[in-house]
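Chains as they are written, first to last, in the numbering used here: chain A, 15 to 351; chain B, 15 to 351; chain C, 15 to 351; chain D, 15 to 351.
For each residue, glycine too, the CB sits at the ideal point set by N, CA and C.
Everything below concerns the one structure shown next.
Number of protein chains: 4
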Amino acid sequence: MIIVMKPQAKPESIQRIKSIIESKGLQAHISAGHEVTIIGVVGDKSKLMDQNLEIFEDVDKIVPVTESYKLANKKFHPEPTKVKVGNVEIGGDTTVIISGPCAVESRTQLLVTAHAIKKAGAHILRGGAYKPRTSPYAFQGLEEEGLKYMKEAKEETGLPVVCEVTSQNAIEAAVKYVDMLQIGARNMQNFYLLKEAGKTGLPVLLKRGLSATIEEWLNAAEYIIAEGNPNVVLCERGIRTFETSTRNTLDISAVPVIKSKSHLPIIVDPSHASGVRAYVKSLSMAAVAVGADGLMIETHPDPSTALSDGPQSLSFDQFEDLTKELKPLIQLMGKKF
Amino acid sequence: MIIVMKPQAKPESIQRIKSIIESKGLQAHISAGHEVTIIGVVGDKSKLMDQNLEIFEDVDKIVPVTESYKLANKKFHPEPTKVKVGNVEIGGDTTVIISGPCAVESRTQLLVTAHAIKKAGAHILRGGAYKPRTSPYAFQGLEEEGLKYMKEAKEETGLPVVCEVTSQNAIEAAVKYVDMLQIGARNMQNFYLLKEAGKTGLPVLLKRGLSATIEEWLNAAEYIIAEGNPNVVLCERGIRTFETSTRNTLDISAVPVIKSKSHLPIIVDPSHASGVRAYVKSLSMAAVAVGADGLMIETHPDPSTALSDGPQSLSFDQFEDLTKELKPLIQLMGKKF
Amino acid sequence: MIIVMKPQAKPESIQRIKSIIESKGLQAHISAGHEVTIIGVVGDKSKLMDQNLEIFEDVDKIVPVTESYKLANKKFHPEPTKVKVGNVEIGGDTTVIISGPCAVESRTQLLVTAHAIKKAGAHILRGGAYKPRTSPYAFQGLEEEGLKYMKEAKEETGLPVVCEVTSQNAIEAAVKYVDMLQIGARNMQNFYLLKEAGKTGLPVLLKRGLSATIEEWLNAAEYIIAEGNPNVVLCERGIRTFETSTRNTLDISAVPVIKSKSHLPIIVDPSHASGVRAYVKSLSMAAVAVGADGLMIETHPDPSTALSDGPQSLSFDQFEDLTKELKPLIQLMGKKF
Amino acid sequence: MIIVMKPQAKPESIQRIKSIIESKGLQAHISAGHEVTIIGVVGDKSKLMDQNLEIFEDVDKIVPVTESYKLANKKFHPEPTKVKVGNVEIGGDTTVIISGPCAVESRTQLLVTAHAIKKAGAHILRGGAYKPRTSPYAFQGLEEEGLKYMKEAKEETGLPVVCEVTSQNAIEAAVKYVDMLQIGARNMQNFYLLKEAGKTGLPVLLKRGLSATIEEWLNAAEYIIAEGNPNVVLCERGIRTFETSTRNTLDISAVPVIKSKSHLPIIVDPSHASGVRAYVKSLSMAAVAVGADGLMIETHPDPSTALSDGPQSLSFDQFEDLTKELKPLIQLMGKKF
């Protein structure tokens, strides 16, 4: 942590900051420049948590130099984390494809989809039973009934299943049926939910918030890991910007940034990022080429009648076509499919 | 709802869309232009909820023409809503000042603050007992203990109290102690929480999400009202943009926009919007002048040691100075203080 | 300038950076923390301009501690600048109202407008003769003919005039007719144009770019002042964000931020910021209350037929109504109107 | 164009709009819904350019249904455009690699770079002689001297050359030396410059503005093409968002969006998009996989002493390593390298 003083800071102001720092058992290194004086703090900065140094006289600003997340930080855990979801490993030598409908609508819809995506090569089945929707009048999900279909689909196909949870109740139900919990973009900073998901010990797929910085995202992961659950997979799904030709803006750079700052695996969701199924294939190719550990792609037996996010869902033919194109690229990247 | 067809759309594609619309008991008005054909849908568009017309052949895009929120919409409820919080009315002829610490830290801190803000003219006491913090290592709040101090402060001063809730547990505790629930920015689209807050019947202070459009914000209010609870007060607290010289960007225009689209009262939180206490006074003046129904301003007995958001908190002297400057402006705007 | 080293940086990496700094005649202050080592640079950092220290081995990041703008910086020029435009002073004890049409369309339109806004109390006439339009098929301005009408309007009414310039040719023409040059948002980082405007010695109204940070804006002002022309007035006109209910998002906080970082006057343009005339009055009130030195408001004899930005232009009646409401507020703020 | 009326719009308001539309020789199709009435306009909407219908009584909003750009629009020119730069074709069957230093610093620096990138397989040499820099105190470029070195480098290596132009003077100089003009992000809406670049007939590399929508970007291209110059290549170089871990946010989706809306070729600049050379390789892979027609990558003989953008520049070894990795991917995508 560095404290930058204002120009013409009074010596007693500088001395006062120095005293506060030293009173907490830390060291203050003072560099008096010709324009400004800066004070470097050496030691455990958490000891200064109850001191808001920026509002002391003559202080210009505080510059943090270390990240606030520790358990999710590559600096302290250089080895990549591999997360097991059922018999599938994310972050290892396979590019993992998660697919399924945005919302579970019926038993038939889910079972048909599960078989279709398995045939096309997908590794994990997704399906929403608790749907966070902008309008209260939109379809809100089948809840526990949907979870039961997820479990049945798993038993029929052998595919592990992942489902979004939006409340403690949903978590309590989901742990009985699914292999992985998903925390959605709108709940990325629902810290209560993060802690509860962490406590289950189940692997957690943590989507990036619509306007979350990468720093905030890794701090959200920290909440889960701090509960003793290191099984976190990050999912980049587009951020909110001024551009309107896609539903969100896929921040493809998030993949190499996460790879340089964290040991956690990261996958990409081109369906939500673009909101347009015509762009899903090329964005999937980009995600694999940039080094993502997997993809999450929405599919539906009949996208034209899907109750949620139909316009971005692929039909089974389109999905099969996509996996065929992805295969040689995944191999070129040195991964298995 | 308008369906815009692609140029050179085939007649059978247009006919197909028309048939779907009519099969739902709606009317399709076709306007064939020299570049494109558009189809206007007349009738209750919710009947088309299970049809994703944008992915049918030759469809270019769907343009909604009506808002998805109804109960929060001024078009259907032109009269301004007034919300009673204890004996205080928000949205009426008084500009309501809510003040208090970001986080309740101790009984003494809260009681001292309650008396000080009352003396300076504030109408409602705020205080956070459940704190959503970016890092799991930051102070997370006193929880129910903090709520008890809130109730005690109310009994001592007569000021109604508002407290943020972040989970169903927090709601269950809060209803026993406070006059108004606050849903914070990070939970604005925690739809489960919105419904639970709606069910309590207590007035709800709904902060705008960091990257929420005004349309999404009013839909979040719709979730609360749809539970039979019309007592919603909106709070603009800054949105996330590229600018970094303030913590967030106060969207002052949100006030006249909300006044034109909704009947709900709206207040402004300049403390969170700017993150810098030196800017709080001038932004408070702007908020009153633009027509806000109230202000929420953070205060603390000693901002330099506040456990949360100290840099944006005012000391009691600064708060008293602010209310003195606000008074003639509020009167000029034709409101009481 | 502070250099933050990576954890476990090798001693020889730290030594190498120290040597480079010292070889430029600067001092390096090293603070070795328990996680990371930081190096404070003391001296004139411009001597390091040809050294990209961030790419040396074991360097994590570079943190600048001083602003790159000097002439526009309040730290070195604490006294507020007052800019004379004809006989009008911006930044002094009067809240200055600039008004007129977005585009000069005809001699009559401009003269009628000039008389109307003068009658309502405006101090300066604006009018665009060179229009930067998104589409090449939109009206592009009357160019020099428009400038001549501006001069005529000035002679008839005594109001000083300001006109946007978009090229060196436009500057060469404008200096013959107008009292102040405007650099528009889209040209805020057209550095060539900034220098040419600086060379004229005329006062310059510098609008903020659509996605310009305040730091970049002040650096753009620095380009003008560095040509020996200190007569710069800043104009906040809304920034680009995700919100679409207004054309741009008025960053009202920019006013106190500029007041704390710079000595230059700042005015607000609520017409371009909102793009909706129904919001212009309340945003004007907010701008005066937040402490702006003036306003720029678009007016037109018949907004329904304006060739540019009609939807945000006020009719003369609306403008007169606005100035009547502003007057007591301006007086309350201790300013003249 | 569709006009959406307010609920309870008076019949005479609707009739008035209809009359205006018909008075311009256009047709008005009225759809009276149970909530709102909409009016579809059939015919050439440019005839309504001098009518601001949104401010007539009872009008809620205007919804455009066709794009304002025509010459750059795929709807009217479905065949992909191929642009010849010297002997190199962009938009054809080769993925074109443009490389070179951000700024031309010396004759030696440029010649050494030209030979190195040619050896590694690049097709076109870039180099900035007119540098738009945020601060007036940063290196501003060698101007015409730099252009001469560009020409010499071309003669020595046979590589065509591209250089950014920032003013009419720069264009006049550049046409004597280079094969392609670049319009930079900060000048994307410098419409005067776009027209002048269009008039030269030289191919133009048009970078996307920092906060330009894709619609605005294609309108900027329209300015160039409208001057009779169809040789426009678009370059995605990152947009401005809230995320700070990269200098800008690479909008990788812009590639498929442009491919669906326009016939113009599009390349990607991962150097400026990320600002961090460690991310350049993976983003280059993503750009090729998503379907870009080429890449622009900054290289420098010694990035640690580059006068501009050193932190994002690759050394020659890094560039050669990159092209080796790109080659099999380009071939997998069915393109030549």
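Any idea which residues DSSP pairs residue 280 of chain C with across the strands? C:248
For residue 353 of chain B, which beta-bridge partners are listed by DSSP? With chain B represented from 15 up to 351, any question about residue 353 of chain B goes unanswered, as that position is not in the structure.
Check residue 171 of chain D in the structure and name its three-state DSSP category. helix
Quick check: the Cα distance between residue 205 of chain A and residue 200 of chain B, rounded to an integer number of angstroms? Their backbone Cα atoms lie some 9 Å apart in a straight line.
With a cut-off of 8 Å, does the C-beta of residue 232 of chain D fall near any C-beta of chain A? no
If you measure from the beta carbon of residue 69 of chain D to each beta carbon in chain C, is any gap under 8 Å? yes
So with CB distances below 7 Å, who are the chain A contacts of residue 325 of chain B? 66, 68 and 69
Does the beta carbon of residue 337 of chain A come closer than 8 Å to any beta carbon on chain D? no
Extent of the continuous alpha helix (DSSP H) run through residue 299 of chain A: 294-304
Residues in its own chain within less than 7 Å of residue 295 of chain D by CB, not counting five upstream and five downstream? Leaving aside the five residues that flank residue 295 of chain D on each side, the residues in its chain whose CB is nearer than 7 Å to its CB run, in chain order, 336 and 339.
Under 9 Å by beta carbon: chain C residues contacting residue 146 of chain A: Within chain C, no residue comes near residue 146 of chain A; the closest Cβ sits about 18 Å away, beyond 9 Å.
Let me see if you follow: with CB-CB separation under 8 Å, is residue 36 of chain D close to chain C or not? no
Quick one: is residue 296 of chain B near chain A, going by C-beta distance under 8 Å? Not one chain A Cβ lies under 8 Å of residue 296 of chain B.
Count the CB pairs spanning the segment 76-93 of chain B and the segment 25-37 of chain D that are closer than 8 Å, and state whether there are at least three. no
By the 7 Å beta-carbon criterion, what residues does the segment 235-265 of chain C contribute toward chain D? Legend: CB atoms of the segment 235-265 of chain C lying less than 7 Å from CB atoms of chain D belong to residues 236, 237, 240 and 254.
Can you list the residues of chain D that residue 21 of chain B reaches, using a CB-CB cut of under 7 Å? 89
Who are the Cβ neighbours of residue 229 of chain D in its own chain at under 8 Å, not counting the five residues just before and after it? 81, 82 and 83
Nearest to residue 241 of chain D (by Cα), restricted to the options D:264, D:210 and D:225: D:210
Any chain D beta carbon closer than 8 Å to residue 31 of chain B: no
Which same chain residues, not among the five before or five after residue 320 of chain D, have their C-beta less than 8 Å away from its C-beta? 115, 116, 117, 119, 314 and 327
Buried or exposed by the 16-neighbour rule on C-beta atoms within 10 Å, applied to residue 164 of chain B: Residue 164 of chain B is buried by the Cβ-count criterion.
What in chain A is Cβ-close to residue 279 of chain D, meaning under 9 Å? Per Cβ cutoff of 9 Å: no residues; residue 279 of chain D is ~15 Å from chain A at best.
Starting from the beta carbon of residue 292 of chain A, find every residue of chain D whose beta carbon is closer than 9 Å, and list them in chain order. Chain D residues near residue 292 of chain A: 270 and 274.
Pick helix, strand or coil for residue 176 of chain C, following the three-state DSSP scheme. strand
Using the beta-carbon count (16 or more within 10 Å), is residue 123 of chain A buried or exposed? buried
Cβ shell of residue 244 of chain D (< 7 Å), same chain only, five flanking positions each side left out: Cβ within range, chain order: 95.
Please state if the CB of residue 246 of chain D and the CB of residue 218 of chain D are separated by a distance shorter than 8 Å. The answer is yes: Cβ separation under 8 Å.
Which runs of the beta strand (DSSP E) fall wholly inside the segment 74-121 of chain D and span at least 3 residues, in chain order? 97-99, 102-104 and 110-114
Inspect the CB distances between the segment 250-264 of chain A and the segment 61-71 of chain A and report whether three or more fall short of 8 Å. no
Boundaries (first-last residue) of the alpha helix (DSSP H) holding residue 65 of chain C: Per DSSP, residue 65 of chain C belongs to no alpha helix (DSSP H) and is neither H nor E.
Spatial neighbours of residue 188 of chain B within its chain, please: CB distance less than 7 Å, with the 5 preceding and 5 following residues excluded, ordered by chain position. So the qualifying residues of the chain are 161, 177, 179 and 195.
Residue 320 of chain A versus chain B: which residues are under 7 Å apart at the beta carbon? 66
Are the C-beta atoms of residue 175 of chain C and some chain A residue less than 8 Å apart? no
Go ahead and label residue 276 of chain B buried or exposed: buried means 16 or more other beta carbons lie within 10 angstroms of its beta carbon, across all protein chains shown. Flag for residue 276 of chain B reads buried.
Mind checking the segment 186-214 of chain C against chain D and listing, in chain order, the residues whose C-beta falls within less than 7 Å of any C-beta there? 200, 201, 203, 204, 205 and 206
Can a CB atom of chain C be found closer than 8 Å to the CB of residue 49 of chain A? Judged by the 8 Å Cβ criterion, residue 49 of chain A is in contact with chain C.
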